[in-house]
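First up is the structure itself, then whatever we jot down about it.
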Amino acid sequence: MVVRSEGTRKRETRKRETNGDRPIPIAAGGSSLLRPLKAAEVIARNIVGDIRAQNLRPGDGLPSEAAMLTQYGVSRESLREGLRLLEVQGMIAIRRGPGGGPVVGSVGAAHLGRVSALFFHMSGATYQELFEAWVWGQGELAERAARHPDADTRASTMAPFMDGHHHESDELLEGYLEEHAGFHGAVASLVRNRVLELSLESYGQIVAHHVAMVDDPRTLRSVLVDDHHKIARAVAAGQPKRARDLMEEHLRGVVDYCRDRLGGSLDSAIEWL
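All residue numbers for the sequence shown refer to UniProt numbering, where the first residue is 1 and numbers rise by one.
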C-alpha cells in the first residue's frame with residue numbers, strides 16, 4: 001500500500017479536475033488564475049505590448065503576417081489564432097484584399113461590453129442585476145467627474161452637452177446612440193481612472209445595445225437631452241453630490257422605461273443580441 005501525503009492528494013485532485021473527471025463550478029474559477037498562457041494568448045499579449053510601446057493609434061498598420069512570423073517566432077496557426085483573439089475584442093481589425101492586413105483597433109467600452117456579456121450570460125446574471133450595477137456605476141463616474149480638480153477641463157469637456165441641443169426627429173438610430181454614448185463617455189473621461197472608465201462604461205454599452213435591438217430608444221430623446229444638460233452643468237460646476245443624484249435619477253428613468261417596454265425579459269440572462 002502506497003501512502004500519499006496530503007500535498008500529493010491535493011495535486012492529484014487538481015489534476016483530475018483539470019482533466020475533466022468532474023466539472024469545476026463556474027463561480028470558483030480559481031484555477032484559471034494560475035493557468036499558463038496559451039501560445040495564441042502570448043502572441044496577443046506581445047502584439048498589444050508592441051502597439052503600446054510604439055504608441056500606435058487606431059487605423060495604424062501592423063506588420064504583415066510574414067513579418068510577424070519572423071518577429072514573434074511562432075507557427076502560422078498560433079499567430080492567426082492570436083490575431084483572431086484581438087480582432088474579436090476590437091483591439092485590431094483585419095483589412096481584406098490587396099494592401100490589406102492587420103491594423104490597430106480601438107480600446108472602447110463597447111468592445112469590453114460585448115466580451116463581458118458572454119461572461120455575464122454564462123454566469124446567469126440578469127438584466128435586473130445589470131441595471132443595478134449600471135445605475136451605481138454611472139453615479140460613481142458622475143461624482144468623480146465633478147471632483148476633477150481642473151475647472152477649465154470640466155467646463156470644456158461638458159460644454160457640448162450644456163447648450164440644450166435638440167435632436168431632429170428623423171435622426172438615425174446609430175447617430176442617436178453615438179450621441180448618448182458620447183455624453184457618458186465624456187463624463188467618464190474626467191474620472192482619471194481608466195479601469196473605472198472602461199469597466200463601468202461597459203455596463204451602459206450592454207444596456208444600450210440590448211434596448212436598441214428590441215425597441216427604439218429615440219422615444220426618450222427629449223428626456224435624455226434635458227437630463228444630460230443638467231448633469232453636464234453639475235459636473236462643470238464641480239458639484240459631486242448633485243452630479244451623482246442627477247445621474248442616478250436619470251438612469252432610473254431609463255430603467256423604468258425598460259421595465260415597461262421589455263417586461264419579463266429583465267429577469268433573463270444578459271446577452272449581446
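Idealized CB from N, CA, C, for every residue including glycine. As the structure is a computational prediction, the values presented were derived from the model and not from experiment.
Near the ligand NAP: residue i beta-carbon under 7 Å from a heavy atom
i: Leu118; result: Of ligands this structure carries none, so the ligand NAP is not represented either.
Closest by C-alpha distance to residue i, when choosing among the options
i: Gln89; options: Ser78, Ser106, Arg76 and Arg96; result: Ser106
i: Pro149; options: Arg192, Ser78 and Val207; result: Arg192
i: Met162; options: Ser123, Val42, Val135 and Ala236; result: Ala236
i: Ser64; options: Asn55, Gln54, Arg80 and Ala53; result: Arg80
i: Ala243; options: His229, Val254 and Ser78; result: His229
i: Leu273; options: Gln205, Arg261, Arg154 and Glu143; result: Gln205
i: Ile270; options: Gly253, Arg76 and Ala117; result: Ala117
i: Ile47; options: Gly101, Asp216 and Ile92; result: Ile92
i: Val115; options: Pro98, Leu85 and Thr70; result: Leu85
i: Ala232; options: Val187, Gly253 and Val207; result: Val187
Local Cβ density within 10 Å of residue i, reported as buried at 16 or more and exposed below that
i: Val195; result: exposed
i: Leu130; result: buried
i: Glu44; result: The residue you asked about is not Glu; residue 44 is Ala in the sequence shown. With 16 or more other Cβ atoms within 10 Å, it is buried.
i: Glu201; result: buried
i: Asp170; result: Model confidence at Asp170 stands at a pLDDT of 46, short of 50, so the residue's coordinates are unreliable and nothing is read from them.
i: Asp227; result: buried
i: His166; result: The predicted position of His166 is uncertain, since its pLDDT is 47 and thus under 50; a value taken from the coordinates is nonetheless stated next. Burial call: exposed.
i: Thr8; result: Unreliable positioning characterises Thr8 in this predicted model, as indicated by a pLDDT of 46, which lies under 50. A coordinate reading is not provided.
i: Met158; result: buried
i: Gln138; result: buried
Expected contact under 8 Å - CB spacing of residue i and residue j to nearest Å
i: Gly59; j: Val103; result: 6 Å
i: Gln54; j: Ala146; result: That belief does not hold up - the Cβ atoms of Gln54 and Ala146 are roughly 36 Å apart, past 8 Å.
Range of the contiguous beta strand (DSSP E) that encloses residue i
i: Val103; result: Gly101 to Val104
i: Arg95; result: Ile92 to Arg95
Segment limits, alpha helix (DSSP H) that includes residue i
i: Ala146; result: Tyr127 to Ala146
i: Arg80; result: Arg76 to Val88
i: Gly113; result: Ala109 to Ser123
i: Ala66; result: Glu65 to Tyr72
- Task: Indicate whether the contact test is met: 3 or more Cβ pairs, each with one atom in the segment 137 to 152 and one in the segment 243 to 260, closer than 8 Å.
- Result: Yes, since at least three Cβ pairs between the segment 137 to 152 and the segment 243 to 260 fall closer than 8 Å, the two stretches touch.
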